[in-house]
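Read the structure below first, then the notes.
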Amino acid sequence: MSTVVPEILWAQRSSADEPEKNVVMLTINVPNLPAPPATKFELTSSGFSFHAKTGDESKGIPNKEYDFKLDFFDEIDVDASKTSLTSKSLYAVLRKKTAQEEYWPRLTKEKVRLHNVKTDFDKWVDEDEQDSADAGPDMSDMSGMGAGGMMDPSMMGMGGAGGLDLQAMMSQMGGMGGMGGMGGGMPSFGAEDDDDEEADDDIESPAVQEAK
1 MSTVVPEILW AQRSSADEPE KNVVMLTINV PNLPAPPATK FELTSSGFSF
51 HAKTGDESKG IPNKEYDFKL DFFDEIDVDA SKTSLTSKSL YAVLRKKTAQ
101 EEYWPRLTKE KVRLHNVKTD FDKWVDEDEQ DSADAGPDMS DMSGMGAGGM
151 MDPSMMGMGG AGGLDLQAMM SQMGGMGGMG GMGGGMPSFG AEDDDDEEAD
201 DDIESPAVQE AK
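Going by this note's numbering, the first residue of the sequence shown is number 1, and it counts up by one from there.
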């Protein structure tokens, strides 16, 4: 069974005064994503690891194994973060530990480019426009994710996610549907490919390159 890396999409908001608006929004896209324990998402204050096995040869669906690890640019608050799971993706709203107005310059700790990690254009708003963004939250990622769709925190290594309501958090953030002009607020690393190619689920390695 080959091991591949999943497509990772991310966006962010920042706030020194409103914790619910000081977050990283993370989406891990994997087709036919199974329920835990076949899907494992382990979140720590400094990063996450993701592992999933998909496929059903009896139904003609090839088996695949997904594996990926990432260290965040800065720490997040695990207990104030929330994760949901569907058959197509794992979606997380991760609370930044440091309360500040400035955006993270990138998702990753190191200045490297990961070709499977891209900007989530549907959720991105530039840093200088996030307060004025008035578009409502984009709830498309939460389709079919009721209470039964929530991942068991014990399966994620989260030690209990603080009991926060993800939809309430999202509704308070605002501007999630806008791209905000795509100006200087866009991150330089760990965000998107130079050629804007579509992500390939069958990438054999993270394809890390040193940034120039």
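Glycine included, every Cβ here is placed at the ideal spot set by N, Cα and C.
Practice task
State the Cα-Cα distance for the pair residue 50 and residue 130, rounded to the nearest angstrom.
Solution key: 29 Å
Handout entry: When 18, 74, 100 and 38 are compared against residue 86, the one with the closest alpha-carbon
Key = 38
Exercise for the section: Identify, in the order they occur along the chain, each residue of the same chain with its Cβ nearer than 8 Å to the Cβ of residue 69, setting aside the five sequence neighbours on each side. Expected result: 47, 48, 49 and 50
Problem - Cut-off 8 Å between Cβ atoms - residues of its own chain near residue 89, not counting five sequence neighbours on either side - result: 27, 28, 29, 30, 33 and 141
Practice task
Report buried or exposed for residue 82, applying the criterion of at least 16 other Cβ atoms within 10 angstroms of its Cβ.
Solution key: buried
Problem - Top-ranked residue by Cα proximity to residue 2, from 72, 52 and 117 - result: 52
Exercise for the section: Determine the DSSP secondary structure at residue 105, reduced to helix, strand or coil. Expected result: coil
Handout entry: residue 94 versus residue 25: straight-line alpha-carbon distance, rounded
Key = 6 Å
Problem - Those residues which DSSP pairs with residue 26 across a bridge - result: 10 and 92
Problem - Inter-residue CB distance, residue 125 and residue 10 (contact presumed, cutoff 8 Å) - result: With a Cβ gap of about 13 Å, residue 125 and residue 10 do not count as contacting.
Exercise for the section: Report the rounded CA-to-CA distance for residue 71 versus residue 109, giving the unit in angstroms. Expected result: 6 Å
Practice task
State buried or exposed for residue 159, treating a residue as buried only when at least 16 other CB atoms are found within 10 Å of its CB.
Solution key: With a pLDDT of 36 at residue 159, under the threshold of 50, the modelled position of that residue is not reliable, and the figure given next carries that caveat. The residue in question, residue 159, is exposed, as its Cβ has fewer than 16 Cβ neighbours within 10 Å.
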